[in-house]
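Asks: Protein chains in written order, with my numbering: chain D, 1 to 172; chain R, 1 to 172; chain F, 1 to 172; chain U, 1 to 172; chain A, 1 to 172; chain Y, 1 to 172. Glycine residues also receive a C-beta, built at the ideal position from the N, C-alpha and C atoms.
6 protein chains.
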Amino acid sequence: MTFMHQPVGVYPGSFDPIHVGHMAIVERATQIFSKVVVGILENSGKDPLFSPTERADMMRELYAGNPAVEVRRFSGLLVSFLKELDAKIIIRGMRAVSDFEYEFQMALMNRRLYPSAETVFLTPKEEYLYLSSKLVREVVALGGDVTGLVPEPVRVRLEARYRSSKGRPAAD
Amino acid sequence: MTFMHQPVGVYPGSFDPIHVGHMAIVERATQIFSKVVVGILENSGKDPLFSPTERADMMRELYAGNPAVEVRRFSGLLVSFLKELDAKIIIRGMRAVSDFEYEFQMALMNRRLYPSAETVFLTPKEEYLYLSSKLVREVVALGGDVTGLVPEPVRVRLEARYRSSKGRPAAD
Amino acid sequence: MTFMHQPVGVYPGSFDPIHVGHMAIVERATQIFSKVVVGILENSGKDPLFSPTERADMMRELYAGNPAVEVRRFSGLLVSFLKELDAKIIIRGMRAVSDFEYEFQMALMNRRLYPSAETVFLTPKEEYLYLSSKLVREVVALGGDVTGLVPEPVRVRLEARYRSSKGRPAAD
Amino acid sequence: MTFMHQPVGVYPGSFDPIHVGHMAIVERATQIFSKVVVGILENSGKDPLFSPTERADMMRELYAGNPAVEVRRFSGLLVSFLKELDAKIIIRGMRAVSDFEYEFQMALMNRRLYPSAETVFLTPKEEYLYLSSKLVREVVALGGDVTGLVPEPVRVRLEARYRSSKGRPAAD
Amino acid sequence: MTFMHQPVGVYPGSFDPIHVGHMAIVERATQIFSKVVVGILENSGKDPLFSPTERADMMRELYAGNPAVEVRRFSGLLVSFLKELDAKIIIRGMRAVSDFEYEFQMALMNRRLYPSAETVFLTPKEEYLYLSSKLVREVVALGGDVTGLVPEPVRVRLEARYRSSKGRPAAD
Amino acid sequence: MTFMHQPVGVYPGSFDPIHVGHMAIVERATQIFSKVVVGILENSGKDPLFSPTERADMMRELYAGNPAVEVRRFSGLLVSFLKELDAKIIIRGMRAVSDFEYEFQMALMNRRLYPSAETVFLTPKEEYLYLSSKLVREVVALGGDVTGLVPEPVRVRLEARYRSSKGRPAAD
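(1) Which whole-angstrom value describes the C-beta separation of aspartate 16(U) and proline 48(U), a residue pair presumed to lie in contact below a C-beta threshold of 8 Å?
(2) Name the DSSP bridge partner or partners of valine 150(R)?
(3) Taking the alpha carbon of serine 132(R) as the point to measure from, which residue in Arg95(R), Glu84(R), Val79(R), Thr119(R) has its own alpha carbon closest?
(4) Would you say leucine 129(Y) reaches chain R, if we count a Cβ-Cβ gap shorter than 8 Å as a contact?
(5) Any C-beta of chain U sitting closer than 8 Å to the C-beta of methionine 109(R)?
(6) Tell me the rounded alpha-carbon separation between leucine 113(R) and valine 79(R).
(7) Looking only at C-alpha atoms, which of Ala141(Y), Lys83(Y), Ala107(Y) sits nearest to isoleucine 91(Y)?
(8) Counting only Cβ-Cβ distances shorter than 8 Å, please list the residues of the stretch 21 to 50 of chain Y near chain A, keeping chain order.
(9) For isoleucine 25(D), name the three-state secondary structure that DSSP assigns.
(10) May I ask you to verify whether the stretch 25 to 34 of chain A touches the stretch 147 to 165 of chain U, counting CB pairs closer than 8 Å and requiring at least 3?
(11) Does any residue of chain F bring its CB to less than 8 Å from the CB of leucine 62(U)?
(12) Tell me whether glutamate 103(D) is buried or exposed, calling it buried when 16 or more other Cβ atoms sit within 10 Å of its Cβ.
(13) Below 7 Å on C-beta distance, what does glycine 104(F) contact in chain D?
(14) Step through the CB atoms of chain Y and report whether any lies within less than 8 Å of the CB of proline 169(F).
(15) Could you check where the alpha helix (DSSP H) with arginine 62(U) kicks off and where it finishes?
(16) What are the start and end residues of the alpha helix (DSSP H) that includes lysine 35(A)?
(17) Who are the neighbours of leucine 113(A) on chain R, taking C-beta pairs under 8 Å?
(18) Should glycine 65(U) go down as buried or exposed, given a rule of 16 or more other Cβ atoms within 10 Å for buried?
(19) My output table needs one value for isoleucine 18(U): the three-state DSSP class, helix, strand or coil.
(20) Are the CB atoms of tyrosine 63(U) and glutamate 126(D) nearer to each other than 8 Å?
(21) Going by C-alpha to C-alpha distance, which of Phe100(D), Asp57(D), Lys83(D), Thr119(D) sits closest to tyrosine 11(D)?
(22) Taking the beta strand (DSSP E) that leucine 122(A) belongs to, which residues open and close that run?
(23) Grab me the residues of methionine 59(F)'s own chain with a C-beta within less than 8 Å of its C-beta, minus the 5 sequence neighbours each way, in chain order.
(24) With 16 other CB atoms within 10 Å as the buried threshold, where does asparagine 110(R) fall?
(25) Any idea which residues DSSP pairs isoleucine 32(A) with across the strands?
(26) How should valine 150(U) be labelled, buried or exposed, when 16 other C-beta atoms within 10 angstroms of its C-beta is the threshold for buried?
(27) So which residues of chain Y does leucine 85(D) contact, with C-beta pairs closer than 8 Å?
(28) To which residues of the same chain is glycine 21(R) closer than 6 Å at the C-beta, ignoring the five residues directly before and after it?
(29) For a contact defined as C-beta to C-beta under 7 Å, what are the partners of leucine 78(U) on chain R?
(30) Against chain D, with Cβ distances strictly below 8 Å, would glutamate 101(F) count as a contact?
(31) I'd like to check one pair, leucine 77(F) with leucine 77(Y): are the Cβ atoms closer than 8 Å?
(32) With 16 other CB atoms within 10 Å as the buried threshold, where does threonine 2(R) fall?
(33) For valine 156(R), count the other beta carbons within 10 Å of its own beta carbon; 16 or more makes it buried, fewer makes it exposed. Which is it?
(34) If we ignore side chains and look at the alpha-carbon of each, how far apart do valine 69(Y) and valine 26(F) end up?
(35) With which residues is phenylalanine 74(F) paired in a DSSP beta bridge?
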């Protein structure tokens, strides 16, 4: 039984929007790591639905009462963000075979760019295995109800976004 | 920055024999967890090459100088072993798509049997992605050289086993 | 032996263009369901090669003599289209592993949005397992011959489209 | 709206033992087909836990009140069983990628052996996606609790079997 | 345009029995390599249906008229067989995702054991993508007809084997 | 031992940019084929980072001293390029499951368009299994170091491109 500095885990992603599958990973990660930094990727390469600011705001609101979760935005290489945080652990959820090879590729490249970096994969609950932000956006865009798939304040903003601006990407 | 009791990780497997891919997982796991318990599964359901005692001996020899690694044998459900150790983290290496669904199935079943159990997947180095104990056994059985794929004392015992007893499963 | 109202099956897709793999699914589906509604998705999210009207026209021409097949266009959620038709069965072809997880994701989401919805997967003939509308478009765009991969009237229109308008997406 | 003879669906399997994932497929199948024949495979090629008679008894007990479900045993080729029943539809659950290629292979071979045969794949609920009879047997053999994974009378018999006879395969 | 010594390709396998998918690979390989050595693996680790001698006899009969094909038996490591033949090219058919990772594992291990060894994967025709020796054996064992899936003399021997000796493994 | 005209292998791709995984395939291919034509695809369908001219220049520089490698540009169907070269062998690297089905689809379509065409798959070294041009571009775009992943002159041009023109696609 040792008492020591416990590593920080960084959970990077676009979170556009955050859904209950993400939240399950955050919750599990806080059982393992003393601090979980949720890293919101700014340069996600495609027109986002919510701006990085909006995404960070929603995330912070969600984890306002949880001191183990810190929300940060980052751009550039993930390993640069890790070094900046003096962290080494990357947390990723793994859901399905289609995730698998992409995640492997990223884990191996990140290790090459930063040999101390270690990617740790967690598994969401069965019922979230097939949930993705893209699918959530598509369902809302077509008028479907995503209650239970995203946290309630996110659902409200999602529906407002699609009703008022027809899903037009946000300027930041 | 918090100082707290860091969780114990349990790395279960048959390790028949241990190879360098396993060792890479143990090494990575000790960067994340203060203690890594290597759990050698006794009831692996098929005739083992090395008995559980032999496998535990080789493993203990290997990690003799590393206080962060503890070698234990277990039989029965993995979650019972976890409870006995007062541990919640299961460590598994994930190499390839063929591992993926089996590992998922086990992770989800273990969570069902013990809701606090959390399976954490780590990724070995690229060069070990296609290495398995079964392949090591097959190569040695056919007279191939596994130098560099297993630790040296294991290689010596492996070759002795196949030379003298024609791979006859060990009685314990 | 029971006589009863037999369920209607809905076969949704972009069908841009329809190919012989699609046609095999329609034919098989009519062996199982008394009526098969081919649902042509209008909002397919990318620039279509043929407009929804053109795709519906080609499809109707193809099934003109078959009272068991009805061709409809739809936009919005598939489950809304199902409800409008008072149908519960979604028919999908499944060809390859890459289809598999996407199809699963859609089947599970549709069930969530409409619990009575049931997705039924059929398997095309071996020789069509690797055929897709996208591949057909690419081959024609590069001047390749798709005889035997699409029905003849579709082939003629496909080649005309690429010859005259250089694959410019149709306005509807 | 047509009234006609609705096809019979045959759901073949070892069902050793039946679990809630199987039951979900039976239930869904009865929404599509007027009659679902559950075909219990006698020659499953490995030592079964329950004899075909026991498996049929448990299944019949389970569906005693449901006239749409008929329980039959069969040996030999599935397509011979289909012909004997004057049926053409094979029902299979598809859970994961590892099922996928095996199921495809069987579907294509069955079609070759009996061109009228059509395999229809249904998808269980997310929470059963990783459930299998083999996993159920393993968990019970190690003393784990499978409440909720198999119907209650099956659970009782499973535990009795492993307690009294140490999982010895039943003679029929 | 160069004239030089063209490499020999070695096509190893159990071929128990040879089927039309194997034959398609042999035929394609002879388009690429001046000589194709079919290597019949003696130590296939499970009870074979046909003995290595029987398998070699059938194969030799099949390729009697083709000087580009040579039939050999081998035991032990494939790379030792390659060295014995002064060959470096291993030919394998690749059919499906389930083959893929196993084949990769073997290709990478063979390269490790013999760095000059190169595995070349060929693709059979679509209609043979789901054919395997195991499936052929199962279908014949259950009384199914495999005409068209194996060469005619093999079909005759297969059916004789299952009729007379109930699939009892052959002693060599 | 025969002396004959050895077939030419064509290795098509976008090579935007060429990386060490590609180079390993070229090197292996020259062990099998007397001549390897690297075919640089001009119409790659997306904005390239380097123009076809630039890609051909880099490739020619790289293989300047190797008479077995010829660099060519092509547009249109690959099979037309093959016919123009009087070649029949297509060489492709296969790295991972995600490549697999796409490659299969292309191999089967090419065979359909040109029945003599034969696709031969080679396997790169383990350490390059997860390398791709897209990943190289992404890492450089974010300021990461790709030393060792691409040949040195390519690395210099890559970094110059991203520094000066912010990754703006080149006009040719």
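Replies: Working from what's here:
(1) 5 Å
(2) Thr147(R)
(3) Checked all of Arg95(R), Glu84(R), Val79(R), Thr119(R); the closest Cα to serine 132(R) is Arg95(R).
(4) Chain R places a beta carbon closer than 8 Å to that of leucine 129(Y), counting this residue as a contact.
(5) yes
(6) 7 Å
(7) Ala107(Y)
(8) Arg28, Gln31, Ile32, Ser34, Lys35
(9) helix
(10) The answer is no - the stretch 147 to 165 of chain U does not touch the stretch 25 to 34 of chain A, with fewer than three Cβ pairs under 8 Å.
(11) no
(12) By the beta-carbon neighbour count (other beta carbons within 10 angstroms, threshold 16), glutamate 103(D) is buried.
(13) It is worth fixing the name first, because residue 104(F) is phenylalanine in this sequence and not glycine. Here the neighbours are Tyr130.
(14) Because proline 169(F) sits at a pLDDT of 44, beneath the cut-off of 50, its placement in the model cannot be relied upon, and the following sentence gives the value as read from the coordinates. Proline 169(F) does not count as touching chain Y.
(15) The residue asked about is misnamed: residue 62(U) is leucine in this sequence, not arginine. From DSSP, the alpha helix (DSSP H) with leucine 62(U) extends over 52 to 62.
(16) Premise fails: lysine 35(A) lies in the beta strand (DSSP E), 35 to 41, not in any alpha helix (DSSP H).
(17) Going along chain R in sequence order, the residues near leucine 113(A) (Cβ under 8 Å) are Val139, Gly144, Asp145.
(18) exposed
(19) For isoleucine 18(U), the secondary structure class from DSSP, reduced to helix, strand or coil, is coil.
(20) no
(21) Thr119(D)
(22) For leucine 122(A), the enclosing beta strand (DSSP E) has its first and last residue at 118 to 122.
(23) Phe15, Ile18, Val38, Ile40, Val71
(24) buried
(25) Looking at the DSSP assignment, isoleucine 32(A) forms no beta bridge with any residue, so it has no partner.
(26) buried
(27) Simply none; closest approach about 17 Å.
(28) Pro124, Tyr128, Leu131
(29) Per Cβ cutoff of 7 Å: no residues; leucine 78(U) is ~25 Å from chain R at best.
(30) yes
(31) Contact flag unset, no.
(32) Any reading at threonine 2(R) needs caution, since the residue's pLDDT is 40, under 50, leaving its predicted position unreliable; the model's value is listed next. That one is exposed.
(33) exposed
(34) 49 Å
(35) Leu41(F)
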